[in-house]
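**Q** Residue numbers (this note's numbering), protein chains in the order written: chain A, 1 to 373; chain B, 1 to 398. Built from N, CA and C at the ideal position, the CB exists for glycine as well. Here the structure is a predicted model, which is why all the values come from computation and not from measurement. A single structure is presented below for examination.
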Amino acid sequence: MDFTLTEERQMLQDGLRRMLADKVDPKAVARGDTAWSTETWEALAEMGVIGALFSEDDGGFGGAGFDLMVVFEEMGRAGAPEPLMETLIAGGLIAELGSDAQKAHLDAVIGGAVQLAFAHSEPGARFDLERVATEARQDGDGWILTGRKSVVANGGEADYIVVSARVSGNTGDRDGLALFLVPKGTEGLDLRDYPLTGGGRGAEIAMEDMRLPADALLGEAGHAFPAIERANARAVAAQTAEALGLMERIKDLTADYLQQRTQFDKPLIKFQALAFRMADVLIEIEQARSAVINLCGHLDADRETRELHVSATKQLVGETAKLVVEESIQMHGGIGITQEYDLAHFARRLTMVEHRFGDALFHLGRFSRLRMA
Amino acid sequence: MDLSYSEKHEAFRKDLRTFLDEKLPKRLSDKVRLGQRLTKEDMEEWHAILQTRNWLAGHWPEEYGGSGWDAVERHIFEEETTRANAPRILPFGIMMLGPVLMKFGSEDQKAHWLPRILNGTDWWCQGYSEPGAGSDLAALKTTAERDGDHYVVNGQKTWTTLAQYADHIFCLVRTGKDGKKQEGISFLLIDMDDPGIEVRPIYLIDGGAEVNEVWFKDVRVPVENLVGEENQGWTIAKYLLTHERTNIAGVGFATQALENLKRIAGLEHQAGKPLIEDPLFAAEIARLEIQLMAMATTNLRVVSAAAEGNAPGAESSMLKVKGTVIRQELNDLTRRACGPYAMPFVSEALEAGSNVEPVGPDYAAPVSGKYFNNRKLSIYGGSNEVQKQIIAKMKLGA
Ligand SMILES: Cc1cc2nc3c(=O)[nH]c(=O)nc-3n(C[C@H](O)[C@H](O)[C@H](O)COP(=O)(O)OP(=O)(O)OC[C@H]3O[C@@H](n4cnc5c(N)ncnc54)[C@H](O)[C@@H]3O)c2cc1C
Numbered sequence: 001m002d003f004t005l006t007e008e009r010q011m012l013q014d015g016l017r018r019m020l021a022d023k024v025d026p027k028a029v030a031r032g033d034t035a036w037s038t039e040t041w042e043a044l045a046e047m048g049v050i051g052a053l054f055s056e057d058d059g060g061f062g063g064a065g066f067d068l069m070v071v072f073e074e075m076g077r078a079g080a081p082e083p084l085m086e087t088l089i090a091g092g093l094i095a096e097l098g099s100d101a102q103k104a105h106l107d108a109v110i111g112g113a114v115q116l117a118f119a120h121s122e123p124g125a126r127f128d129l130e131r132v133a134t135e136a137r138q139d140g141d142g143w144i145l146t147g148r149k150s151v152v153a154n155g156g157e158a159d160y161i162v163v164s165a166r167v168s169g170n171t172g173d174r175d176g177l178a179l180f181l182v183p184k185g186t187e188g189l190d191l192r193d194y195p196l197t198g199g200g201r202g203a204e205i206a207m208e209d210m211r212l213p214a215d216a217l218l219g220e221a222g223h224a225f226p227a228i229e230r231a232n233a234r235a236v237a238a239q240t241a242e243a244l245g246l247m248e249r250i251k252d253l254t255a256d257y258l259q260q261r262t263q264f265d266k267p268l269i270k271f272q273a274l275a276f277r278m279a280d281v282l283i284e285i286e287q288a289r290s291a292v293i294n295l296c297g298h299l300d301a302d303r304e305t306r307e308l309h310v311s312a313t314k315q316l317v318g319e320t321a322k323l324v325v326e327e328s329i330q331m332h333g334g335i336g337i338t339q340e341y342d343l344a345h346f347a348r349r350l351t352m353v354e355h356r357f358g359d360a361l362f363h364l365g366r367f368s369r370l371r372m373a
Numbered sequence: 001m002d003l004s005y006s007e008k009h010e011a012f013r014k015d016l017r018t019f020l021d022e023k024l025p026k027r028l029s030d031k032v033r034l035g036q037r038l039t040k041e042d043m044e045e046w047h048a049i050l051q052t053r054n055w056l057a058g059h060w061p062e063e064y065g066g067s068g069w070d071a072v073e074r075h076i077f078e079e080e081t082t083r084a085n086a087p088r089i090l091p092f093g094i095m096m097l098g099p100v101l102m103k104f105g106s107e108d109q110k111a112h113w114l115p116r117i118l119n120g121t122d123w124w125c126q127g128y129s130e131p132g133a134g135s136d137l138a139a140l141k142t143t144a145e146r147d148g149d150h151y152v153v154n155g156q157k158t159w160t161t162l163a164q165y166a167d168h169i170f171c172l173v174r175t176g177k178d179g180k181k182q183e184g185i186s187f188l189l190i191d192m193d194d195p196g197i198e199v200r201p202i203y204l205i206d207g208g209a210e211v212n213e214v215w216f217k218d219v220r221v222p223v224e225n226l227v228g229e230e231n232q233g234w235t236i237a238k239y240l241l242t243h244e245r246t247n248i249a250g251v252g253f254a255t256q257a258l259e260n261l262k263r264i265a266g267l268e269h270q271a272g273k274p275l276i277e278d279p280l281f282a283a284e285i286a287r288l289e290i291q292l293m294a295m296a297t298t299n300l301r302v303v304s305a306a307a308e309g310n311a312p313g314a315e316s317s318m319l320k321v322k323g324t325v326i327r328q329e330l331n332d333l334t335r336r337a338c339g340p341y342a343m344p345f346v347s348e349a350l351e352a353g354s355n356v357e358p359v360g361p362d363y364a365a366p367v368s369g370k371y372f373n374n375r376k377l378s379i380y381g382g383s384n385e386v387q388k389q390i391i392a393k394m395k396l397g398a
């Protein structure tokens, strides 16, 4: 057992923390002045942060669960809205399933020149990974796609979108899914993009007889589900690590505020009613950290073990996120809900963790079903 | 013990329903239903409609233009108006200043100000809180110094709800520096058009600007605008706190929020079935509904006791804590019910008449903003911690 970071990861953490503290302005994100900044993105690429999400075989220098944890915890601590998650998911799928020609894009991805998105979730699918209604039918050598995708993070900015579609079976089946690599501006792809609560942008995508050449297919048609589930597990690891960073930051802000704010001639922290609640927040954040470590350490385990950890971690972190957001706002008083105070952005971003990849209730149910099975 | 409504009360409910069917403009109820922002004119319009029946301040005595409602009538009014998605009545003139003037105001003040509250001439806001005086309200620093027939006011108020629309503000100001800090406070009525007043918006976490900072620089206020005696302000503030916590439980709002949640959970799908059929999600809804059923009766018990002359003290604090937590939990679950569609932040979609379409189903557009914004419920009006302190003091000798 060893819970310390390797020297490389320690260096990555330090450098990234410093760089992001310097570049990310939570107030500006909260006001909606910037969705995310290309300058920060370039700095991430330059520091090798994007590369840290990929294995050496794929041209990166990391890619393990604990690499994701280090990177995304720092993204969270800074409240950075840059679309690293989308690169992790879509880039991961290209790395796992792509032909040599498709994988050739990864260099530019790791270098920061190419933006990615993953268009999977659909209206009415909620958090069910297998619920894909978008249809892909073969047309000579190529494919024709028709369907809708909802709340596609970074969809509007992506140079390539990995799109999931069904080649056979019914909407809720695991079999019959395929992935396609779709370049920006492909005819037949209609896109409306908009800001997301907590930073970044999302898009609604409608595909109407969108024609794709044969070489747009990513991996084998009809058998994409295991790769999607694996990518989802890595995304949940990254997202819960990001949530952890956000919680740490919120906790620090709140602890400082309770020291500084005086009412009834005392700093608020001197009121035991508040100090005890803050102590609870500290306890729960440590539990969340352990849960994230559990998941990051089991990303490469067998499917059953891995997925059990996905739901366990997501459930616990989701519940903790609610506690941390609500307690920190409450203990701040009025200032806690003003946009001009940093907490607003962090609280929004942390809360939105519950709206992607399943919330605490969804994973509570999923965990018990997986355990029972 | 009898839980049924009397004939008089049933008749009132029927009358009220007909009135709401006929007189509540659909334009307004649509906005409320869709969580869109109300304008100043919207609120004034609704106040005027209610006043055609003397229902704007129904609990005021008839001699002042109210209908002399009892506790049950107030409860019915709240229940029916929220069910019909009517705009809420602004509390500042009707729930706060009105009762203060009736109890502490001079005859001249009552004759001058009360009718203007009801006929919409004046829009009041509440100037209590300051940057350094939140829970510890008596620490307020805004000063009013006597100069002939005027007070000269200097200082800053904050969190002033809808001050951008208001033409008047009632303030707690410091008129005495000796003794305990509670002793030198007075209750003053100030015209917002007076020179030296500046209002600056504060943007909240949902992107809206419902609160403001109000700055006072050498503002001259005629002495006849003092309510009660000089340095009696703390007594007035406390009176307001213990006697006028009406609608504090928010049962009507909670009932409406519960209906909305059930509707959404019936439209959203998980695993191909309506979300409301998911046993875990259904159990969460049920847990809140059970709380709310008891809350409705707790509320009626407290208001009935109040009607018999027992000033609600700790009980109204209990209503506030429990009522706000139930509403906040309902907002939380409603946001969850919308899943990924709670993420888009399209502020324009919350402005009625804007041609920006919401992303996803229309019911999802306001849910995240509402969840964040309603964190205020446990902060303002005496935070829930302050309420628990009151309960512990009054009931437990803490
Ligand atoms: C949306 C909104 C609208 C408002 N509208 C108005 C308005 O129109 N007019 C007006 O005058 N004011 C208004 N307020 C102000 C409101 O009354 C104050 O926010 C409230 O009194 C709390 O004060 P504070 O925000 O300074 O928090 P603080 O008093 O600094 O409290 C911070 C936290 O510490 C807790 N705390 C404080 N003291 C203790 C203690 N002794 N023991 C345990 N816990 C404690 C509080 O409960 C809170 O959780 C509004 C506030 C909001 C958020």
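Can you pull the chain A neighbours of W159 (chain B), defined as C-beta to C-beta under 7 Å?
**A** Counting from one through the second sequence, the residue named residue 159 (chain B) turns up at place 159. Within chain A, the residues near W159 (chain B) are G334.
**Q** Report the partner residues of W143 (chain A) according to the DSSP bridge assignment.
**A** Here residue 143 (chain A) is taken as the residue at index 143 of the first sequence, counted from 1. Paired residues: A:Q138 and A:L212.
**Q** For Q263 (chain A), which residues in chain B fall below 7 Å Cβ to Cβ?
**A** For the purposes of this step, residue 263 (chain A) is taken as the residue at position 263 of the first sequence. Going along chain B in sequence order, the residues near Q263 (chain A) (Cβ under 7 Å) are G134, S135 and D136.
**Q** Is R261 (chain A) near ligand 1, with its Cβ less than 7 Å from a heavy atom?
**A** As a position in the first sequence, residue 261 (chain A) is number 261, starting the count at 1. Result yes, Cβ under 7 Å from ligand 1.
**Q** Counting only beta-carbon separations shorter than 8 Å, does P344 (chain B) have a partner in chain A?
**A** Within the second sequence, residue 344 (chain B) is the residue found at index 344, counting from 1. Closer than 8 Å: yes.
**Q** Going by DSSP, what residues sit across from C171 (chain B) in a beta bridge?
**A** Sequence index remark: in the second sequence, residue 171 (chain B) carries index 171 (1-based). Bridge partners of C171 (chain B): B:G127 and B:L188.
**Q** Where do the ends of the alpha helix (DSSP H) carrying E304 (chain A) lie?
**A** On the first sequence, residue 304 (chain A) is found 304 positions in, with the first residue counted as 1. That run of the alpha helix (DSSP H) goes R303 to H332.
**Q** Where DSSP assigns a beta bridge to T18 (chain B), which residues make up the other side?
**A** For the purposes of this step, residue 18 (chain B) is identified with residue 18 of the second sequence, where counting begins at 1. None; T18 (chain B) has no bridge partner.
**Q** Just to check, is the beta-carbon of M295 (chain B) closer than 7 Å to a non-hydrogen atom of ligand 1?
**A** Numbered from 1 along the second sequence, position 295 holds the residue referred to as residue 295 (chain B). No, the beta carbon of M295 (chain B) sits no closer than 7 Å to any heavy atom of ligand 1.
**Q** Can you list the alpha helix (DSSP H) stretches of 4 or more residues lying completely in the segment 261-324 of chain B, in chain order?
**A** Complete alpha helix (DSSP H) runs here, min 4: 279-307.
**Q** In chain order, what are the residue ranges of uninterrupted beta strand (DSSP E) at least 3 long that sit wholly in the segment 68-123 of chain A?
**A** The segment 68-123 of chain A contains these whole beta strand (DSSP E) runs: 116-119.
**Q** Ignoring anything shorter than 3 residues, give me the beta strand (DSSP E) runs that lie fully in the segment 71-157 of chain B, in order along the chain.
**A** The segment 71-157 of chain B contains these whole beta strand (DSSP E) runs: 124-127, 143-147 and 150-157.
**Q** Count the other CB atoms within 10 Å of the CB of E357 (chain B); is the residue buried (16 or more) or exposed (fewer)?
**A** Translated into positions along the second sequence, residue 357 (chain B) becomes position 357. Per the 10 Å Cβ criterion, exposed.
**Q** Three Cβ pairs or more, each shorter than 8 Å: is that satisfied between the segment 160-171 of chain B and the segment 289-308 of chain A?
**A** Touching, no.
**Q** Is V221 (chain B) helix, strand or coil by DSSP?
**A** Within the second sequence, numbered from 1, the residue matching residue 221 (chain B) stands at position 221. Note: V221 (chain B) maps to strand in three-state DSSP.
**Q** Could you spell out where the beta strand (DSSP E) holding E198 (chain B) opens and where it closes?
**A** Along the second sequence, one-based indexing puts residue 198 (chain B) at 198. I197 to I202 is the extent of the beta strand (DSSP E) around E198 (chain B).
**Q** Note down the Cα distance separating L282 (chain A) from R18 (chain A), rounded to an integer number of angstroms.
**A** Here residue 282 (chain A) is taken as the residue at index 282 of the first sequence, counted from 1. Here residue 18 (chain A) is taken as the residue at index 18 of the first sequence, counted from 1. One C-alpha to the other measures close to 24 Å.
**Q** Give me the Cα-Cα distance between A235 (chain A) and L292 (chain B), rounded to the nearest whole angstrom.
**A** For the purposes of this step, residue 235 (chain A) is taken as the residue at position 235 of the first sequence. For the purposes of this step, residue 292 (chain B) is taken as the residue at position 292 of the second sequence. Roughly 38 Å between the two C-alpha positions.
**Q** Find out if the Cβ-Cβ distance for the pair G245 (chain A), L191 (chain A) is shorter than 8 Å.
**A** Residue mapping note: residue 245 (chain A) aligns to position 245 of the first sequence, counting from 1. Residue mapping note: residue 191 (chain A) aligns to position 191 of the first sequence, counting from 1. For G245 (chain A) and L191 (chain A), no; Cβs fall outside 8 Å.
**Q** Checking contacts by CB at 8 Å: is I329 (chain A) closer than that to chain B?
**A** Within the first sequence, residue 329 (chain A) is the residue found at index 329, counting from 1. Closer than 8 Å: yes.
**Q** Listed in chain order, which residues of the segment 338-368 of chain A have Cβ atoms closer than 8 Å to some Cβ of chain B?
**A** Result list: T338, Q339, E340, A344, A347, R348, T351, M352, E354, H355, R356, D359, L361, F362, L364 and G365.
**Q** Just to make sure I have the definition right: I need the residues of chain A whose C-beta is within less than 8 Å of the C-beta of S383 (chain B). Which are they?
**A** Translated into the one-based positions of the second sequence, residue 383 (chain B) becomes position 383. The answer, in chain order, is Q330 and G333.
**Q** Against chain B, which members of the segment 32-64 of chain A pass a CB distance test of less than 9 Å?
**A** Hits within the stretch, in order: G32.
**Q** Closer than 7 Å between beta carbons: that is the criterion. Which residues of the segment 195-215 of chain A meet it against chain B?
**A** The segment 195-215 of chain A vs chain B, Cβ under 7 Å: P195, L196, T197, G202 and E204.
**Q** Along the chain, where does the alpha helix (DSSP H) that runs through I161 (chain A) open and close?
**A** Numbered from 1 along the first sequence, position 161 holds the residue referred to as residue 161 (chain A). Unbroken run through I161 (chain A) is the beta strand (DSSP E), Y160 to R166; no alpha helix (DSSP H).
**Q** Just the Cα atoms here: how many angstroms apart are F118 (chain A) and N232 (chain A)?
**A** As a first step, residue 118 (chain A) must be located in the first sequence, where it is residue number 118. As a first step, residue 232 (chain A) must be located in the first sequence, where it is residue number 232. Going by the C-alpha atoms only, they are around 11 Å apart.
**Q** Around the Cβ of D21 (chain B), are there at least 16 other Cβ atoms within 10 angstroms (buried) or fewer (exposed)?
**A** Position 21 of the second sequence, counted from the first residue, corresponds to residue 21 (chain B). Answer is exposed; the Cβ neighbour count stays below 16.
**Q** Among B:S368, B:T255, B:V386 and B:L377, which residue has its Cα nearest to the Cα of L196 (chain A)?
**A** For this step, residue 196 (chain A) is matched to residue 196 along the first sequence. Among B:S368, B:T255, B:V386 and B:L377, the Cα nearest to that of L196 (chain A) belongs to B:S368.
**Q** From what residue to what residue does the beta strand (DSSP E) around D193 (chain A) run?
**A** The count along the first sequence starts at 1 and reaches residue 193 (chain A) at position 193. L189 to P195 is the span of the beta strand (DSSP E), which, as asked, contains D193 (chain A).
**Q** Would you give the residue range spanned by the alpha helix (DSSP H) that L246 (chain A) belongs to?
**A** Here residue 246 (chain A) refers to the residue found at position 246 of the first sequence. Note, L246 (chain A): alpha helix (DSSP H), F225 to Q260.
**Q** Tell me, which residues are paired with I375 (chain A) by DSSP?
**A** No answer is possible for residue 375 (chain A): the residues shown for chain A start at 1 and end at 373.
**Q** Note down the Cα distance separating A163 (chain B) from P274 (chain B), rounded to an integer number of angstroms.
**A** As a first step, residue 163 (chain B) is located in the second sequence; it is residue number 163 there, counting from the start. As a first step, residue 274 (chain B) is located in the second sequence; it is residue number 274 there, counting from the start. Rounded to the nearest angstrom, the two C-alpha atoms are 43 Å apart.
**Q** Which residues of chain B have a Cβ atom closer than 7 Å to the Cβ of V182 (chain A), listed in chain order?
**A** By one-based count along the first sequence, residue 182 (chain A) stands at place 182. Those do not exist, as V182 (chain A) stays about 20 Å from chain B at its closest Cβ, beyond 7 Å.
**Q** Grab the span of the beta strand (DSSP E) containing A52 (chain A) for me, first residue to last.
**A** Your numbering for residue 52 (chain A) matches position 52 in the first sequence. Run containing A52 (chain A): none; DSSP gives neither H nor E here.
**Q** Between K273 (chain B) and chain A, is any beta-carbon pair separated by less than 8 Å?
**A** Against the second sequence, residue 273 (chain B) aligns to sequence position 273. Not one chain A Cβ lies under 8 Å of K273 (chain B).
**Q** Would you check whether ligand 1 has a heavy atom nearer than 7 Å to the C-beta of F264 (chain A)?
**A** As a position in the first sequence, residue 264 (chain A) is number 264, starting the count at 1. Yes - ligand 1 has a heavy atom lying nearer than 7 Å to the Cβ of F264 (chain A).
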